[in-house]
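Those sequence lines, one after another, are chains E and W. Note that the first sequence covers residues 0 to 198 in numbering that gives the first Met the number 0. Note that the second sequence covers residues 0 to 96 in numbering that gives the first Met the number 0. We put the CB at the ideal spot given by N, CA and C, even for glycine. Keep in mind it's a predicted model, so treat the numbers as computed, not measured.
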Amino acid sequence: MGIVSPGFQGRPRTQEPALPPGQYLTEDFPVLSAGPTPRVSLDTWEFVISAENGSEHRWSWQELMALPQETPMVDIHCVTRWSKLGTNWQGVSVDTLLDGVDTGAHFALAHSYGGYTTNLPLDDLRGGQAWVVHTFDGAPLPAEHGGPARLLVPHLYFWKSAKWVRGLRLKTMDEPGFWETAGYHDYGDPWREQRYQGD
Amino acid sequence: MTEMSYLDGNMLDGPMRELLTVDLSSAVGRCENCGMTGSMASLHVYSHAPGLVGRCPSCEEVMVRLVRGPDRAWLDMRGTTFLQVPMPMEQPFPGPL
């Protein structure tokens, strides 16, 4: 007879946190990057929304910080199969940034310092689903995780949450971004395991 | 005047097969962005990412992206103007007539 009681044999699967298919839980915060880390000064940082009619809306760092701040606590899911639950952020809702932008566009191409891009339906950036975040776990977002500011769209795979985000180009047609032109899915729903084109 | 005829893509199979089995580190590539021409072995490759990203060592622009899915792969070389690949001599060099 063993000395280990059944109570020490681990939690049954039914009590595991709900994860999208094919994902594993991590307590770390892995750093993924497709290039050198941009170092962006807050003095020159800006966020720009360009509407399809050519109009532009710009925010400096000070202007971003003066907007109403939100503190989403969300689960994040990377297409490389790690998921991290209950992450704490602070930033500005994209709803707030889009307020006052006159657009009939259905798509957005997020673009970043360093040249990264990713495409999303505009509806997925609205309705309290997306933020431009600058703080993680109560501290300024480190550059390796996308600071000064990154997009946060937690209901899609994390490559959609563009690091070092610089702006959104609103578009009438969907234009695939950096990974989407190299085989990754245009939408990227982790619960439907939309990793690659055609999934 | 007759139109030039063309063959279908199957014609490329043999020549491309010969080219794509080459050891890439022995190839020379030209960066589409800055024009730097050098060994592909000198690229800066970022692998902690959803795919492999090879960047020009001079301007850091992307020259190669390679994504490997479980049953498919994607290769994007739009940032590489050309690859110069060493090949075996096709036939003995003809001597002087």
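Contiguous beta strand (DSSP E) assignments of at least 3 residues, all confined to the region 0 to 84 of chain E: Scanning the region 0 to 84 of chain E from its first residue to its last, the whole beta strand (DSSP E) runs of 3-plus residues come out as 45 to 49, 55 to 59 and 72 to 76.
Rounded C-alpha distance that separates residue 164(E) from residue 98(E): For residue 164(E) and residue 98(E), the distance between alpha carbons rounds to 19 Å.
Cut-off 6 Å between Cβ atoms - residues of its own chain near residue 76(W), not counting five sequence neighbours on either side: Cβ neighbours of residue 76(W) beyond the five flanking positions: 63.
Helix, strand or coil at residue 41(W) [DSSP, three-state]: Judged by DSSP in its simplified three-state form, residue 41(W) adopts helix.
Contact with chain W by residue 32(E), beta-carbon distance below 8 Å: Yes, residue 32(E) lies at the interface with chain W (some Cβ there is under 8 Å from its Cβ).
Residue from 71(E), 82(E), 125(E) and 17(E) whose Cα sits closest to the Cα of residue 100(E): Here the closest residue by C-alpha is 125(E).
Nonlocal neighbours in the same chain, by C-beta distance under 7 Å from residue 116(E), ignoring five residues either side: Closer than 7 Å at the Cβ level, and outside the excluded window around residue 116(E), lie 108, 109, 110, 176 and 177.
Under 8 Å by beta carbon: chain E residues contacting residue 52(W): 33 and 34, listed in chain order.
Proximal residues to residue 129(E) (C-beta, below 6 Å), its chain only, five neighbours per side dropped: The beta carbon of residue 129(E) sits closer than 6 Å to those of 93 and 152, all from its chain and outside the five residues before and after it, given in chain order.
Coil, strand or helix - residue 35(W) by DSSP: In the three-state reduction of the DSSP assignment, residue 35(W) falls in the coil class, being assigned neither a helical nor a strand state.
CB contact flag (residue 159(E), residue 106(E), <8 Å): Cβ atoms of residue 159(E) and residue 106(E): not closer than 8 Å.
Cβ pair residue 184(E), residue 198(E) closer than 8 Å: Taking the C-beta atoms as reference points, residue 198(E) is found nearer than 8 Å to residue 184(E).
Under 9 Å from the C-beta of residue 186(E): neighbouring residues of chain W: Within chain W, no residue comes near residue 186(E); the closest Cβ sits about 15 Å away, beyond 9 Å.
is_contact[residue 22(E), chain W] using C-beta, thresh 8 Å: Contact with chain W is absent for residue 22(E), since none of that chain's Cβ atoms lies less than 8 Å from the residue's Cβ.
Neighbourhood of residue 132(E) by C-beta distance below 7 Å, restricted to the same chain and skipping five residues each side: Annotation for residue 132(E): 88, 89, 90, 140, 148, 149 and 151 place their beta carbon closer than 7 Å to its own, counting only its chain and skipping 5 residues before and after.
Chain W residues whose Cβ lies nearer than 7 Å to that of residue 78(E): Correct list: 49.
Residue 142(E) versus residue 38(E): straight-line alpha-carbon distance, rounded: So the two alpha carbons sit approximately 7 Å from each other.
Bridge-paired residues (DSSP) for residue 183(E): Answer is 195(E), bridged to residue 183(E).
Per-residue DSSP class, three states only, for residue 92(E): The answer is strand: DSSP assigns residue 92(E) an E or B state.
Contact residues within the region 66 to 82 of chain W, judged by C-beta distance below 8 Å to chain E: Along the region 66 to 82 of chain W, the positions whose C-beta sits under 8 Å from a C-beta of chain E are 66, 68, 71, 72, 73 and 75, read in chain order.
Residue 8(E) at chain W interface by Cβ criterion, 8 Å: Confidence at residue 8(E) is low in this model, with a pLDDT of 45, below 50, so the placement of that residue is unreliable and no value is reported for it.
Terminal residues of the beta strand (DSSP E) in which residue 120(E) lies: Segment 116 to 120, the beta strand (DSSP E) holding residue 120(E).
Three-state class that DSSP yields for residue 144(E) in the structure shown: Collapsing the DSSP output to three states places residue 144(E) in a helix.
Residue 159(E) in three-state terms, based on DSSP: Helix, per DSSP.
Among 35(E), 84(E), 154(E) and 51(E), nearest to residue 199(E) - alpha-carbon criterion: Because chain E spans 0 through 198 in this model, residue 199(E) falls outside it and cannot be assessed.
N-terminal and C-terminal residue of the beta strand (DSSP E) that residue 62(W) is part of: Segment 61 to 67, the beta strand (DSSP E) holding residue 62(W).
Nearest-angstrom Cα separation, counted from residue 47(E) out to residue 14(W): The C-alpha of residue 47(E) is placed about 47 Å away from the C-alpha of residue 14(W).
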